[in-house]
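Participant: Chains as they are written, first to last, in my numbering: chain A, 70 to 608; chain B, 166 to 454; chain C, 31 to 258.
Here a beta-carbon is modelled for each residue, glycine too, at the ideal position from N, C-alpha and C.
Below you will find the structure I want to go over with you.
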Amino acid sequence: MALLDIQHVSFTYPGQTRPALQDVCFSVHAGEMLAVCGATGSGKSTLLRLLKRELAPLGEKTGRILMNGVPQEDVPEAEAAYQVGYVMQRPEQQIVTDKVWHELAFGLENMALPQPVIARRVAEMAAYFGMEDWYDKPVSSLSGGQKQLLNLAAVMVMQPSLLILDEPTAQLDPIAAAEFIATVRKLNQDTGLTVIITEHRLEEVIPLCDRLLVLEQGRVLACDEPRQVIAKLHDRPELLCAMPAAARLYHALGADGVCPLSVREGRMLVENCRGRGRGLPEEECTPGTPALECKEVFFRYDRHGPDVLQGLNLTVHEGEICCVLGGNGSGKTTMLTVAAGLNKPCGGAVKVFGKKIKDYKNQSLYRECLTLLPQDVQTVFLCNTVEEELADAQAGVDMLPFDLRPLMHQHPYDLSGGEQQLVALAKVLATKPRLLLLDEPTKGVDAAAKGKLIGILKELKARGLTIVIVTHDVEFAALCADRCAMFFRGSVVSTGAPRTFFSQNSFYTTAVSRMTRGWFRNAVTVEDAAALCRQGGAE
Amino acid sequence: MRGFADYNPIAAAVYFLAVTGIAMFCMDPVILALSLAGALVTFALLCGQGGRAHWYTLGLFLVMALINPLVSHNGVTVLFVMNHNPVTLEALLYGVAAAAMVVAVLYWFRCFSCIMTSDKLLYIFGGLSPRLALILSMTLRYVPLFGQQAKKVKQAQTALGLYKEDNLIDSFRGGMRVFSVMVTWALENGIITADSMTARGYGLGKRSRFRLFRWRAGDVLLLTGSLLLAGLALMGVHARAFTWYPAIAAAPMDALAIAGYGAYGVLTLLPAIIHAKEAIKWHCLISSM
Amino acid sequence: MIVIKNSRVRQMLRWVIPLLAIPALVALGAAVLPEKQHLLVSLGVAVLAVVLFLTGFEQKKTGARRMVIVSVMVALCIVGRMIPLFKPVTALTIIIAMYLGGEAGFLTGALAAVLSNFYFGQGPWTPFQMLAWGLIGLMAGYLAPLLKKSRALLLIFGVLAGAAYSMVMDVWTVLWYDGGFNPALYLTAVAAALPHTAVYALSNFAFLWFLARPFGEKLERVRVKYGV
């Protein structure tokens, strides 16, 4: 018998005519790991929330959801709460209490378990997750990845039989995301836990999951073994763009046979192509007038603290998109705040368009000159609708290289991650900047919206803007940058045009670059590799 | 090694209540002197260096000691006349005593704050009202989060050019702006926290409480010891019956009064005694190894 | 704690305790005990009143969202207190009481006092602050329909609450210092605190002027959208 049986479920939000879910049928067996994917607005979150009764949205629902053969409505309250664990996107906001130990105990306190049982279970969980060192710590001292692991542990301590994860790694950096997914996989393998997961970034998840369910506009498009599902997606570019690079290359080549999912399998696909040793020409960056110059910049937050920036040298030329890549805590964000004049450097000089920052008096730096869009775009929102928001910044909708009109009457917080990014960008652009600084613009943004964002940034560049982007996202950088810079321990260690830059890196590089290493030179994007393969033709 | 900070929070709270309460309500010069000295010793022991806080308290002490003779004209021993008002010796001394009391109490509260971590606070409040303890814990979680977020918002809004000019009115408006952004952010994201609570079964029924601290023999000893010593001190103060106005007077020092003062002296030094005992024990352990 | 089942009696008690019982207790204490023990009486009453309210809160079933909103508000008060020249506690307490009722107001005010003092210095004044801010919240809750209707009234209430808060705290200062209530000392204290009081009343005014409406809209949205 299936653990979860969804029978002809349809759902409509109040005041809406189009149903969010339509005739959804599938079942999940115990011990299975199921990934759910679909474009923004396809009903992923609605579906997951319906599976967790306490979080089910208000609206009209038809059809039946059976848990272990029992209709969801008839499951006792306590069992429904404890049997299904649910972890959401934002790690910060899901934590309830101030200390790690208390967060672990929170669910167990709700179950009204006696002290010795709580003590045992909490200890067990802390040991399993390797949390002994942070057990006493305040949660505010944890990193984003640790917070999300804590959220997972705080759910697992209640011993659920089904774990639902709603884009759990969307706000994490790649390393923390991989660690999170590995932990989920370990739980699934070690305990036979059933997992349902949605993700923006399917690269990590798809090779691990047993089945993939694709939603399109509220309907189930496919639900099967991932290779089979992805092989059938060739006419759906909006879904395909979220898939692993190997699968995209497979489709781009129109190859047949088994669809590759990992880099290792992708290499086999490339190996079968003729024309080894072929390559793309190296790119050179053409130097122009500098828009932003950092010379020997030092910065620290505390007088006795460590140097966050250590002799940073970086020059960004007018009219280019420069992506700064680097690990967590390497000081990338700090560099942006120093470049934007929000933090004063302790040594060295920062010049914007040839003029020192301190010579911009009376905040004139932020008028028609430079602007910064922070990582957390919600820090920009103030009003109740997008319309008021744009009016607040005196932003004109017509001048923008993208269309916000359909969103005008919505609340900024009701938008998807990608839409929020665009509204915030519109606000920032209202100051008519010549230099635009972006901090992690792809965080919490799905693949389709990411593609759109790349187009917008290129359009802005064409209009004469200089753009500096700080990001973890190598695939994104490979697609939109004119120049990439590697940031490490407070300074830039290497720069180069993306093709050259990524071909020289072996680990910190795109999946395609790793797939084609040794066979093709300078191939970093799926398009590059596909073009080279086509030149040779398949054997 | 079990220092004073490791004792059961309820026992520690009762200790502070006793030692501070007696200092506040018994305007007896000996008690006040003992209390001030004990508070300073305990402060040095539990909180380490105070730095600038000491100078602030010294200033406060001087101001308060001088105000009383200027506004209060009780007392029989007139020192001199100022603006047709007599300044009396009793009022002067009372001022010094009151200032000493305020400063001693301030130091006791500082000691209390030094050892009362949020875990301990939660433990105490949890006994009173578990739900209140939860709100407390949630709030303590939000405070650093909001602090960090407020900084981010301020930077974001500055970079948007919304602080305009470098003047006071604009920066006040800027402050309001930041606060307003914070409110939206906090309320909207709070819903996620609430969902996360519901998802983990909050509100289904009675909750239990996971306690990080337990009662050990030493805690019970501290609790009963504090109460007994405080009781003895109160009896001593009562026997002494010290009065400031109209003239300074007190009953003669009898055995009870001496015992009371002694008890209070021991009470104020309890943390130091515990500390010394542990240090000696540790020393013996090391040398016997 | 004893739970009072009859809702009408409970409603009545809610009015009677703050408005009659507390002043009566203070008066009784003043009459019966010698002058120098006023401090003891007032401290006892403050602690008692606060405890009574907070345990009352324990008896009610409070949903997760309400819990979150109250703790968000308390945290905002504390963070706001850390910004120089920014004293939002009274204003925030009034606003939350207007939209979520007097009890939430009392809770916010009282908790903001006790928790923010962990950052600003705990002292025997804490129970007084808790009571003073709590009562401001409670009053605002009772007057909510009026305050929502008229902005002028709200601003007046804010200024008065600010001034009253400051003056009540001066009573406490005098009591603590002198044990009994010395009018001359009280006048000195009030005079010394006058600039402080003025800043306080003014900042309440500014806060309510700028924030009451947008704040109300935000709370209202959360209330409507998520059904708090």
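Name, please, each residue of chain A whose Cβ falls closer than 8 Å to the Cβ of R251 of chain C.
Facilitator: Result: N453, H480.
Participant: Quick check on P375 of chain A: buried or exposed, where buried means 16 or more other Cβ atoms within 10 Å of its Cβ?
Facilitator: Under this definition P375 of chain A is an exposed residue.
Participant: Along the alpha helix (DSSP H) that carries V97 of chain A, what are the first and last residues, could you check?
Facilitator: V97 of chain A -> not in any alpha helix (DSSP H); beta strand (DSSP E) instead, spanning 90-97.
Participant: Using a C-beta cutoff of 8 Å, does T253 of chain B count as contacting chain C?
Facilitator: Not closer than 8 Å to any Cβ of chain C, the Cβ of T253 of chain B fails to qualify, so no.
Participant: For a contact meaning CB atoms closer than 9 Å, what does E133 of chain C contact in chain A?
Facilitator: Simply none; closest approach about 22 Å.
Participant: May I have the straight-line CA-CA distance separating R243 of chain C from V402 of chain B, to the nearest angstrom?
Facilitator: Going from the Cα of R243 of chain C to the Cα of V402 of chain B covers about 56 Å.
Participant: Taking M253 of chain B as part of the alpha helix (DSSP H), name the residues at either end of that continuous run.
Facilitator: This sequence places Thr at residue 253 of chain B; Met is not what is there. Not the alpha helix (DSSP H): T253 of chain B falls in the beta strand (DSSP E), residues 250-253.
Participant: Extract the residue ranges of the alpha helix (DSSP H) inside the region 196-265 of chain A, only unbroken runs of 4 or more that lie entirely within it.
Facilitator: With a minimum length of 4 residues, the continuous alpha helix (DSSP H) runs that stay inside the region 196-265 of chain A are 213-225, 243-260.
Participant: Run the CB neighbour count on K149 of chain C, radius 10 Å, all protein chains shown included, and call it buried at 16 or more, exposed below.
Facilitator: Note that residue 149 of chain C is Tyr in the sequence shown, not Lys. It is exposed - the Cβ of Y149 of chain C has fewer than 16 other Cβ atoms within 10 Å.
Participant: If A265 of chain B sits next to A94 of chain C, beta carbons under 8 Å apart, how far is it from one beta carbon to the other, in whole angstroms?
Facilitator: Contact doesn't hold; Cβ gap of about 49 Å is too wide.
Participant: Step through the CB atoms of chain C and report whether any lies within less than 8 Å of the CB of I196 of chain B.
Facilitator: It does not; no Cβ of chain C falls within 8 Å.
Participant: Could you check which residue in A:R254, A:D445, A:A493 has the C-alpha nearest to that of N354 of chain B?
Facilitator: It is A:D445.
Participant: Can you tell me the Cα-Cα spacing of D428 of chain A and K420 of chain A, whole angstroms?
Facilitator: Rounded to the nearest angstrom, the two C-alpha atoms are 10 Å apart.
Participant: State yes or no: is the beta carbon of L441 of chain A nearer than 8 Å to at least one beta carbon in chain B?
Facilitator: Cβ-Cβ to chain B under 8 Å: yes for L441 of chain A.
Participant: Against chain B, does L205 of chain C count as a neighbour if the rule is that its beta carbon must be under 8 Å from one of theirs?
Facilitator: Answer no: the Cβ-Cβ gap between L205 of chain C and chain B never drops below 8 Å.
Participant: From the DSSP output, in three-state form, read off I232 of chain B for me.
Facilitator: In this structure, I232 of chain B counts as helix in the three-state DSSP scheme.
Participant: When you compare the CB of Y288 of chain B with every CB in chain A, is at least one pair closer than 8 Å?
Facilitator: So, not an interface residue.
Participant: Taking the alpha carbon of R614 of chain A as the point to measure from, which residue in A:L120, A:P502, A:A223 has its own alpha carbon closest?
Facilitator: With chain A covering 70 to 608 only, the question about residue 614 of chain A has no answer from this structure.
Participant: Under 7 Å Cβ-Cβ, which residues of chain C neighbour V261 of chain B?
Facilitator: Under the 7 Å cutoff, chain C gives no residues; its nearest Cβ is about 12 Å from V261 of chain B.
Participant: At which residues does the beta strand (DSSP E) containing N147 of chain C begin and terminate?
Facilitator: Unbroken run through N147 of chain C is the alpha helix (DSSP H), 132-150; no beta strand (DSSP E).
Participant: Would you kindly work out how many angstroms separate the C-alpha atoms of T253 of chain B and V246 of chain B, rounded to a whole number?
Facilitator: Their Cα atoms are separated by approximately 9 Å.
Participant: Using a Cβ distance threshold of 8 Å, determine whether the region 544-563 of chain A contacts the region 385-398 of chain A, with at least three qualifying pairs required.
Facilitator: Judged by Cβ distances under 8 Å, the region 544-563 of chain A makes contact with the region 385-398 of chain A, as three or more pairs qualify.
Participant: H541 of chain A by DSSP, collapsed to three states: which one?
Facilitator: Reduced to three states, the DSSP call for H541 of chain A is coil.
Participant: Which ranges does the alpha helix (DSSP H) cover as unbroken runs of at least 4 residues, wholly within the region 336-422 of chain A, from first to last along the chain?
Facilitator: Correct list: 401-408.
Participant: Taking just the CA atoms, how far does N257 of chain A sit from E608 of chain A?
Facilitator: Residue placement at E608 of chain A is poorly supported in this model, since its pLDDT is 43, which falls under 50; the coordinates still yield a value, given next. Cα to Cα, the separation comes out at about 40 Å.
Participant: Contact criterion: CB-CB distance below 8 Å. Does F211 of chain C meet it with respect to chain B?
Facilitator: With 8 Å as the cut-off, F211 of chain C does not count as an interface residue toward chain B.
Participant: Cα separation between V75 of chain C and M160 of chain C?
Facilitator: Approximately 12 Å between the Cα atoms of the pair.
Participant: Contact defined as beta carbons within less than 8 Å: I believe T138 of chain C pairs with M103 of chain C. What is the distance between those atoms, to the nearest angstrom?
Facilitator: At roughly 5 Å, the Cβ-Cβ gap stays under 8 Å, so T138 of chain C and M103 of chain C are in contact.
Participant: Is the region 140-157 of chain A in contact with the region 223-239 of chain A, if contact means three or more CB pairs nearer than 8 Å?
Facilitator: Touching, per the Cβ criterion.
Participant: Are the beta-carbon atoms of L504 of chain A and C438 of chain A separated by less than 8 Å?
Facilitator: A contact, by the Cβ cut-off of 8 Å.
Participant: Does the distance from the CB of G164 of chain C to the CB of A140 of chain C come in under 8 Å?
Facilitator: Yes.
Participant: When you check each C-beta in the region 92-116 of chain C against every C-beta of chain B, which residues fall closer than 9 Å?
Facilitator: From the region 92-116 of chain C, only T92, G93, A94, R95, R96, M97, V98, I99, V100, S101, V102, M103, V104, A105, L106, I108, V109, G110, M112, I113, L115, F116 have a Cβ closer than 9 Å to chain B.
Participant: Just to confirm the assignment: which complete beta strand (DSSP E) runs, minimum length 3, are found wholly within the region 448-519 of chain A?
Facilitator: With a minimum length of 3 residues, the continuous beta strand (DSSP E) runs that stay inside the region 448-519 of chain A are 504-508.
Participant: Going by DSSP, what residue range makes up the alpha helix (DSSP H) through Q158 of chain A?
Facilitator: Per DSSP, Q158 of chain A belongs to no alpha helix (DSSP H) and is neither H nor E.
Participant: Considering only residues of the same chain and omitting the five flanking positions on each side of V283 of chain A, which have a CB-CB separation below 7 Å?
Facilitator: Correct list, in chain order: C106, G107, L290, A291, V298, L308.
Participant: Three or more beta-carbon pairs under 8 Å between the region 232-246 of chain A and the region 204-211 of chain A, yes or no?
Facilitator: Contact between the region 232-246 of chain A and the region 204-211 of chain A is absent, because fewer than three Cβ pairs lie under 8 Å.
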